[in-house]
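Just below is one structure, and these are the notes that go with it.
Numbering (this note's numbering), first residue to last: 3 to 279.
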C-alpha cells in the first residue's frame, strides 16, 4: 500500500494553527539563516517543515519534499510570505494525490520571489518605515513619550501584513499572487501610501525644520526683519527651500547622507557665527 492509502485524508488537512505556526517560524527566522549560496532557503524550509512532516508520513516522501524547498530563495520577508502559503496549499494537494509537479512548486517560488520583494521594499521600507519613524520623531521632538510607542507600529503593521498574506496565499493557492497583481489594489495601496507619506513629510518639515534670517533693517520709519518679509510671502519658505534643495541633491548625486549632514552642520555654524541665521 502507498503512503496516501495508509494515512486517512482527514489527517492531512492543514489547520489554521499549522499555518500560524509556519508563519511565526518564517517571521522569526527569515533573515537569520542568510548565506551567499542559498540566502533564505533554510528559513523557508524550516518554516514549512512541520507541515511537510504532517503531510508525508513516509520518510522518503518527507525528504523529497524538504529537498524541493532547498533551492535558492530570496525575497522580502513580509511580502514574500504569500509564497509560504501557496507552497503549503500546493504541498497539501500533492499529498492528497493531485498531479502537482515538483517543478511547479519550485517554479512558483522562483518566479515570484523577485516581484514580491520589489512590492515589499516599496511598501514596508519605502513607505511605512519613514512615515512611522517621522511621526515618532515629531512627537519625541516635543518631549512626548508617545513617539517611543509609535516606533513599535513598524513591528506590528508588517507582522499583521505577513500573517494576512500567508493565509491569503494558502486560501487562493497558486493563483494568489497573480490575482493580487491583476486586481490593481497593490498599485492603489502604493500610490495612496506615497501620497500620505508626502503629506506627512511636508507637515513634519514645516513644523520641525527651523531656519530663520534675523537680519533687521529700517523700512518706512519702522524696523522689520528679513524673516518677517519672507513670512508675509509664504510662511515656512526657508525650510521649504532647504528641503527642496536636499531633495534635488539626492536626485542628482545619489543618497549621500554624510555629505548633506556635514554641509548642513557647517552652514548652520557659519550662519550663526555671522548672524545670518
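Note that the Cβ used here is the ideal one computed from N, Cα and C, for glycine as well.
Closer than 6 Å by C-beta to residue 240: which residues in its own chain qualify, once you throw out the five before and the five after it? Chain order, please.
As a working mapping, residue 240 is identified with position 238 in the chain shown. Closer than 6 Å at the Cβ level, and outside the excluded window around residue 240, lie 213.
For residue 36 and residue 273, what's the separation of their Cα atoms in angstroms?
For this step, residue 36 is matched to residue 34 along the chain shown. For this step, residue 273 is matched to residue 271 along the chain shown. The straight-line gap separating the alpha-carbon atoms of residue 36 and residue 273 is approximately 48 Å.
What's the C-alpha gap between residue 87 and residue 135?
On the chain shown, position 85 is the one that residue 87 refers to. On the chain shown, position 133 is the one that residue 135 refers to. Going from the Cα of residue 87 to the Cα of residue 135 covers about 30 Å.
Let me confirm a value: residue 69 is counted as buried when at least 16 other C-beta atoms fall within 10 Å, else exposed. Which label applies?
The sequence position of residue 69 within the chain shown is 67, counting from 1. Residue 69 should be labelled exposed.
To the nearest angstrom, how far is it from the Cα of residue 148 to the Cα of residue 97?
The residue you call residue 148 lines up with position 146 of the chain shown. The residue you call residue 97 lines up with position 95 of the chain shown. Distance from the CA atom of residue 148 to the CA atom of residue 97, rounded to whole angstroms, is 50 Å.
Taking buried to mean at least 16 other C-beta atoms within 10 Å of its own C-beta, is residue 146 buried or exposed?
One-based indexing of the chain shown puts residue 146 at position 144. The residue is exposed, with fewer than 16 neighbouring Cβ atoms inside 10 Å.
Beta-carbon separation (whole angstroms), residue 83 vs residue 168, contact threshold 8 Å:
For the purposes of this step, residue 83 is taken as the residue at position 81 of the chain shown. For the purposes of this step, residue 168 is taken as the residue at position 166 of the chain shown. Taking C-beta atoms under 8 Å as the contact rule, residue 83 and residue 168 qualify, at a distance of about 4 Å.
Counting C-beta neighbours from all protein chains within 10 Å, is the total for residue 126 16 or more, i.e. buried, or is it exposed?
In the chain shown, counting from the first residue as 1, residue 126 sits at position 124. With 16 or more other Cβ atoms within 10 Å, it is buried.
Taking the beta carbon of residue 171 as the centre, do at least 16 other beta carbons fall within 10 Å, making it buried, or is it exposed?
For the purposes of this step, residue 171 is identified with residue 169 of the chain shown, where counting begins at 1. Around the CB of residue 171, 16 or more other CB atoms lie within 10 Å, so the residue is classed as buried.
DSSP beta-bridge partners for residue 142?
In the chain shown, counting from the first residue as 1, residue 142 sits at position 140. Its beta-bridge partners do not exist; DSSP assigns none.
Helix, strand or coil: which one does DSSP assign to residue 161?
Along the chain shown, one-based indexing puts residue 161 at 159. Of the three classes helix, strand and coil, the one that applies to residue 161 here is helix, per DSSP.
Could you round the C-beta distance between residue 130 and residue 156 to whole angstroms and report it? I think they count as a contact, below 8 Å.
Here residue 130 refers to the residue found at position 128 of the chain shown. Here residue 156 refers to the residue found at position 154 of the chain shown. Right, their Cβ atoms sit about 6 Å apart.
To the nearest whole angstrom, what separates the beta carbons of residue 81 and residue 121, a pair I think is in contact under 8 Å?
Here the question's residue 81 lines up with position 79 in the chain shown. Here the question's residue 121 lines up with position 119 in the chain shown. That pair is a contact at about 5 Å.
Which value, in whole angstroms, describes the spacing of the CA atoms of residue 63 and residue 93?
Residue mapping note: residue 63 aligns to position 61 of the chain shown, counting from 1. Residue mapping note: residue 93 aligns to position 91 of the chain shown, counting from 1. The alpha-carbon of residue 63 is positioned some 11 Å away from that of residue 93.
Under three-state DSSP, which class holds residue 225?
As a working note, residue 225 is residue 223 in the chain shown. DSSP, reduced to helix, strand and coil, places residue 225 within a strand of the structure shown.
Which residues in the same chain as residue 73 place their Cβ atom closer than 6 Å to its Cβ, once the five residues preceding and following it in sequence are excluded?
Within the chain shown, the letter at position 71 stands for residue 73. Excluding positions up to five away in sequence, the list reads 108.
Do residue 226 and residue 216 have their C-beta atoms closer together than 7 Å?
Translated into positions along the chain shown, residue 226 becomes position 224. Translated into positions along the chain shown, residue 216 becomes position 214. It is not a contact, given that the beta carbons lie outside the stated cut-off.
Taking only the alpha-carbon atoms, compute the straight-line gap between residue 142 and residue 153 and give it to the nearest angstrom.
Taking the chain shown and counting its residues from 1, the one referred to as residue 142 is at position 140. Taking the chain shown and counting its residues from 1, the one referred to as residue 153 is at position 151. Cα to Cα, residue 142 sits roughly 11 Å from residue 153.
Which partner residues of residue 119 appear in the DSSP bridge assignment?
Within the chain shown, the letter at position 117 stands for residue 119. BP columns for residue 119 are empty, so no partner.
With 16 other CB atoms within 10 Å as the buried threshold, where does residue 259 fall?
Locating residue 259 in the chain shown gives position 257, where the first residue counts as 1. Burial call: exposed.
Integer-rounded CB distance, given that residue 45 should sit under 8 Å from residue 78
Here the question's residue 78 lines up with position 76 in the chain shown. Here the question's residue 45 lines up with position 43 in the chain shown. Contact between residue 78 and residue 45 is absent: CB atoms are separated by about 13 Å, not below the 8 Å threshold.
Taking DSSP as the reference, what is the three-state secondary structure of residue 258?
Position 256 of the chain shown, counted from the start, is the residue given in the question as residue 258. In this structure, residue 258 counts as coil in the three-state DSSP scheme.
Residue 220 bridges to which residues according to DSSP?
By one-based count along the chain shown, residue 220 stands at place 218. The bridge partners DSSP lists for residue 220 are 225.
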